[in-house]
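Here full-length UniProt numbering is used: the first residue of the sequence shown is 1, the next is one more, and so on. In this text, a Cβ means the ideal position worked out from N, Cα and C, and glycines have one as well. What you are looking at is a predicted structure, and each value in this text was computed from that prediction instead of being measured. For reference, the structure discussed in these notes is given below.
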Amino acid sequence: MTQQTEKDDSLTKTTTPPTTPVTVKKPALYGTCECDVEKSTLEEEALAAVREHAFAVQSIGCSEMLPRTPELLFINLITLENHTNCIELTKKGWRVASNRNDCMNGDFRQLDIHTKYFDTLHSLLNEISPLYIKKFGEKLVEKLSELKKEQEQSKE
Numbered sequence: 001m002t003q004q005t006e007k008d009d010s011l012t013k014t015t016t017p018p019t020t021p022v023t024v025k026k027p028a029l030y031g032t033c034e035c036d037v038e039k040s041t042l043e044e045e046a047l048a049a050v051r052e053h054a055f056a057v058q059s060i061g062c063s064e065m066l067p068r069t070p071e072l073l074f075i076n077l078i079t080l081e082n083h084t085n086c087i088e089l090t091k092k093g094w095r096v097a098s099n100r101n102d103c104m105n106g107d108f109r110q111l112d113i114h115t116k117y118f119d120t121l122h123s124l125l126n127e128i129s130p131l132y133i134k135k136f137g138e139k140l141v142e143k144l145s146e147l148k149k150e151q152e153q154s155k156e
């Protein structure tokens, strides 16, 4: 009778399946796909922006839960200040859709940021993340210093 009770208990217990992370922290080859499906121009722009800005944020990656069409996609982002954002990319531009990952609904008390479109992810990050500006500036100085060294070495 004990074995039967254990079997019955296992049937009534519910367990949560393991979850798969939907964002990639500082992806090296994010967006590489072995399939032959053509990516939309918008998706190509998003993947390039993810690679380009990964150094200056905690986490960035395309949402796998929200809709993705040739005209619309969402990017989950955590800034260096540890602020979570879901960024919408459409033909209108880049927009903070929400202060939560995988969420399209913004905070109605912050309409100014949730209704403003930016031409680039860089300009959006300049608006929402002071530490992004600092990190970007540091990276720019580093690259310029490297370039200066290369020029000095080539003159020798």
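According to DSSP, is residue i part of a helix, a strand, or is it coil?
i      : result
Ser154 : helix
Ser98  : strand
Gly106 : coil
Ser40  : coil
Glu64  : coil
Glu88  : strand
Leu77  : strand
Ser59  : strand
Using DSSP's beta-bridge definition, name the partner residues of residue i.
i      : result
Thr69  : Leu72
Gly93  : Thr90
Phe118 : Trp94
Since I believe residue j is in contact with residue i (beta carbons under 8 angstroms), could you give me their beta-carbon distance rounded to a whole number of angstroms?
i     : j      : result
Gly93 : Phe118 : 5 angstroms
Thr69 : Tyr132 : Not a contact, Cβ separation roughly 28 angstroms.
Glu52 : Ser129 : Between Ser129 and Glu52 the Cβ distance is about 15 angstroms, and since that is not below 8 angstroms, they are no contact.
Roughly how many whole angstroms lie between the Cα atoms of residue i and residue j?
i      : j      : result
Ile75  : Gln151 : 38 angstroms
Gln103 : Glu156 : Position check: residue 103 holds Cys in this sequence, whereas Gln was assumed. Each residue's Cα considered, the two are about 56 angstroms apart.
Leu73  : Thr120 : 14 angstroms
Val96  : Glu146 : 34 angstroms
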